[in-house]
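Have a look at the structure below, then the notes.
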Amino acid sequence: MGKPKDPDYWRKYRATHPGYRARERERMRNRTVRSRGDRAGQYLRRRARAVMQRGDNGTVVSAHPVMDQAQAVTRRYIRPDRRTHYHDPLYEEVLMTTALAIIEGHDPEQAAVDVLRRERTYRARHLPMLVVA
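Following the numbering used here, the numbering of the sequence shown begins with 1 at its first residue and continues without gaps.
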């Protein structure tokens, strides 16, 4: 059978049931599950929270002092003008290598330089050159 599709029916229904609008507003205000149409936004918000949390100055908030020290070293070698460098796989690789060097007692700055040198060498030698016509 289904719900009536006639808009006049619903206008009359709302007129005869004055608490309807109040109940609807309260229900919408207290709902915890978002509607189907907002699924994409919900996933994006969840992913943004899960990927990285940022501090007041834009740095990634870490849970360990070794990661703070590794971020301080890595920030010197990754260009700060790139907006997406926190989501860049190269940044993550340099950060993890630097953290590992700190834990192992090696020079973290040299570890960061070595990773970046290897990556730049690979890009220079193995990626095809762009042909400008």
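Ideal placement from N, C-alpha and C gives every residue a C-beta, glycine not left out.
Problem set entry | Outcome for P200 when other beta-carbon atoms lying within 10 angstroms are tallied against a minimum of 16 | With the chain covering only 1 through 133, there is no way to say anything about residue 200.
Problem set entry | Secondary structure of H106, DSSP reduced to three states | coil
Exercise. Count the other CB atoms within 10 Å of the CB of L95; is the residue buried (16 or more) or exposed (fewer)?
Worked result: It counts as buried.
Problem set entry | C-alpha gap between R125 and L100, whole angstroms | 27 Å
Exercise. So the alpha helix (DSSP H) P7 belongs to, where does it begin and stop?
Worked result: 7 to 16
Problem set entry | Chain-order list of residues whose beta-carbon lies under 6 Å from that of T97 (same chain, five-residue window excluded) | A111, V115
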